[in-house]
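Here's the structure, in structure tokens; my notes come after.
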Amino acid sequence: MARRMLVAGNWKMHGVRSDLGEITAISMAAETENGTDVAVCVPFTLIERAVAAAPGFVIGAQDVHASAKGAHTGDISAAMLADVGAEIVIVGHSERRAAHHETNADTAAKADAALAGGLDVIVCCGESLEVREAGKAVATVCDQIIASLPGTVDPARMAIAYEPIWAIGTGKVAQPSDVAEMHAAIRARLAKEHGDETAANMRILYGGSVKGENAAELFAMEDVDGALVGGASLTAAQFVPIIDAAKN
Ligand code: PGA
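When we follow the numbering used here, the leftmost residue of the sequence shown carries the number 27, and every step to the right adds one.
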């Protein structure tokens, strides 16, 4: 199955104008066409400048409102993101689910709004340590992702990111066998709910303390189609080795 790898950076609440040189350097390293898609999702305030700093490179956002417009103080619509040049948006990240009480239904609604506004989406899922230790990780994550998907599940416009919460920003990567099991389970559940073709074409990214040193092992797994990278996406020096691992 020839799914293109996708390596996406998530800058979270990091980055000001003086950091844009990193985006330029990352975009230059990503340029060599090798079957790998690369994107960086920056804070709202940097989107327009990041697009200008890296022409032709995919810049994304980290959240979007479910409504097209309206009285939503402090929120951003898909049309606004597209207007400044964003091409993709992360929805349902565990940090948004935890800190902003976003549910699966909220995530699905945001994904719908993003797609309707012309953005591609990365839909996130992942279990807590408590759920993993209770032996319920696979069932919980499969239910969570199915309930978080947009109404139209088109692998050409979206990717899924599996990010165990306990592996995010902690330096702990999930066991390779656990990653392989989860990604295969998500794909099998997608096949059941949305058909074999959709499942076969859907990119399922791993996220949680991905670094240059562990990326190759993750990318060698059959059902791992790239990564969503937080801390190690902030500098070209750390992010480019991950992109290179996906190309190999
Ligand atoms: P991390 O974050 O790579 O810093 O663990 C991943 C994410 O939250 O997307």
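Virtual Cβ for every residue (Gly too), placed ideally from N, Cα, C.
The structure displayed is predicted, hence computed values, not measured ones.
- The beta carbon of I194 is closer than 8 Å to those of S120, E121, G152, G233, G234, S235, G256 in its chain, skipping five residues each way along the sequence.
- For the stretch 159 to 207, the continuous alpha helix (DSSP H) assignments of 4+ residues that do not extend past its boundaries occur at 163 to 174, in sequence order.
- Remark: the shortest separation between the CB of N240 and any heavy atom of ligand 1 does not fall under 7 Å.
- Boundaries of the alpha helix (DSSP H) around L141: 130 to 142.
- Remark: C-beta atoms of S174 and G82 do not approach each other more closely than 8 Å.
- Between the beta-carbon of I268 and that of V68 there is about 17 Å, and that puts the pair past the 8 Å contact cut.
- Distance check between L145 and each of A182, G35, H126, V42 places A182 closest, using alpha-carbon atoms only.
- R229 is bridged by DSSP to A185.
- If you keep only unbroken alpha helix (DSSP H) runs of at least 4 residues inside the stretch 53 to 129, you get 73 to 79, 104 to 109, 120 to 125.
- For T133, the closest alpha carbon among the candidates A165, D109, P176 is that of P176.
- Ligand 1 has no heavy atom closer than 7 Å to the beta-carbon of L231.
- Per DSSP, the beta-bridge partners of G35 are V66, V255.
- E239 has its alpha-carbon roughly 22 Å from the corresponding atom of R229.
- Look at I102: its beta carbon is at least 7 Å from all of the heavy atoms in ligand 1.
- With respect to the C-alpha of K162, the residue from N227, E207, D109 having the closest C-alpha is E207.
- With fewer than 16 other beta carbons inside 10 angstroms of its own, G221 counts as exposed.
- CA-CA distance, I191 to S154, rounds to 5 Å.
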